[in-house]
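J.:
Residue numbers (mature numbering (1 follows the signal peptide of the UniProt record, and there is no 0)): -18 to -1, 1 to 249.
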C-alpha cells in the first residue's frame, strides 16, 4: 500500500514539473525574442547611420569636386586684372570648360561646352572642339595694335538700308555677297554665300537691331566685326577692337552671341 502511495506521489510531482516547464521556456523565448529584436533594431539604426554618413561624404565629395572643376572661377582668379567677357552665351544645362594659354603679353582662352565639368586646362580638352574664344594681346605701340585689328571699310557698291539710319554697301565677288557698314568707330563686314542661298541682309538687320539696344566697348581707336555666314565653327563670327596698345578679340560660332560676349566687356 505504501508503494502505491509513493508511486502516485512521484507521478503527481513529475506531472507538476512537466506543466511548469513550457511556461519557463515561454518566458525565456520572449526574453530571447526581445533581445533579438533590440539587436536587429540596433543593426538597422547602425546601417542607416552608416548609409547616411556615406551619403553625406559622397555629397561633400561631389560638391568639392564640382567646386574644384569650376574652370571659369579659376580663370578669373588667375587673371584678376585682365578684362574678360562676363557673358559666354551657351547651353546653361551643360558644363562650361576652359583651356587657357597665358604668356607675358597675351592671354588666349578657348571655351568648350560638355556634359561634365573639368578643371581648367584639363588634358582631355585637346580632343574637343571649342564653341568660342577670347584673346587679349598687348603690342609695342598704338599703331601696331591698330594694324592688328585689320580695320576695313568700303563704301563701294549698292546701298542697302538696314534701318535705324544705318546704310550698308553691298558688293558681290566669287559667289558671295559682302555687306559693309559702320557704327561709330566700328566697321562691320558680313559675307553671305550666294551658292547656299544665304540672306545676308536679314542677318545684317538683326545685328543692327541688337546693337540699337546693346552697347559695344568703345574702341580706342578702331574696332572690326567680321561675320562669315558661309563658315562654320567658333571662328565664323569675330569681334576685334583696340584699346591703346591692347587688342581684344572674341569669337563665337553664332553671330549674336559673339556680340553679346563683346558687350559684356563694356566697362
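We put the beta carbon where it would ideally sit given N, CA and C, even for glycine.
Using 8 Å as the cut-off, can you tell me whether the segment 167 to 176 makes contact with the segment 184 to 194, which would need three or more C-beta pairs spanning the two stretches below that distance?
T.: Flag = yes, the segment 167 to 176 and the segment 184 to 194 touch.
J.: For residue 73, does the count of other Cβ atoms within 10 angstroms reach 16, so buried, or fall short, so exposed?
T.: By the 10 Å Cβ count, residue 73 comes out exposed.
J.: Rounded to whole angstroms, what is the Cα-Cα separation between residue 157 and residue 178?
T.: Between residue 157 and residue 178, the C-alpha separation is close to 9 Å.
J.: What is the DSSP secondary structure of residue 182, reduced to helix, strand or coil?
T.: In the structure shown, residue 182 sits in a helix (DSSP, three-state: H, G or I).
J.: Starting from residue 64, trace the beta strand (DSSP E) both ways and give me its first and last residue.
T.: Looking at the DSSP string, residue 64 is not in any beta strand (DSSP E), and its letter there is neither H nor E.
J.: What's the call for residue 197, buried or exposed, on a 16-neighbour Cβ count within 10 Å?
T.: It is exposed - the Cβ of residue 197 has fewer than 16 other Cβ atoms within 10 Å.
J.: Would you list the residues sitting across from residue 54 in a DSSP beta bridge?
T.: In the DSSP output, where bridge partners are listed per residue, residue 54 has none listed.
J.: For residue 97, which three-state DSSP category applies?
T.: If DSSP states are grouped into helix, strand and coil, residue 97 belongs with coil.
J.: In angstroms with no decimal places, state the Cα-to-Cα distance between residue 63 and residue 118.
T.: Rounded to whole angstroms, residue 63 to residue 118 spans 12 Å at the Cα level.
J.: What is the DSSP secondary structure of residue 90, reduced to helix, strand or coil?
T.: Here residue 90 sits in strand by DSSP.
J.: Between residue 130 and residue 103, is the Cβ-Cβ spacing less than 8 Å?
T.: In this structure, residue 103 does not lie closer than 8 Å to residue 130 by Cβ.
J.: With distance defined between alpha-carbon atoms, name the residue in 60, 239 and 84 nearest to residue 189.
T.: Per the Cα distances, 239.
J.: Considering only C-alpha positions, which residue in the set 176, 180, 166 and 181 is nearest to residue 207?
T.: Among 176, 180, 166 and 181, the Cα nearest to that of residue 207 belongs to 166.
J.: Using alpha carbons as the reference points, say which of 79, 67 and 191 lies closest to residue 110.
T.: Taking only the C-alpha atoms, the option nearest residue 110 is 79.
J.: Would residue 123 be called buried (16 or more neighbouring beta carbons within 10 Å of its own) or exposed?
T.: With fewer than 16 Cβ atoms within 10 Å of its Cβ, residue 123 is classed as exposed.
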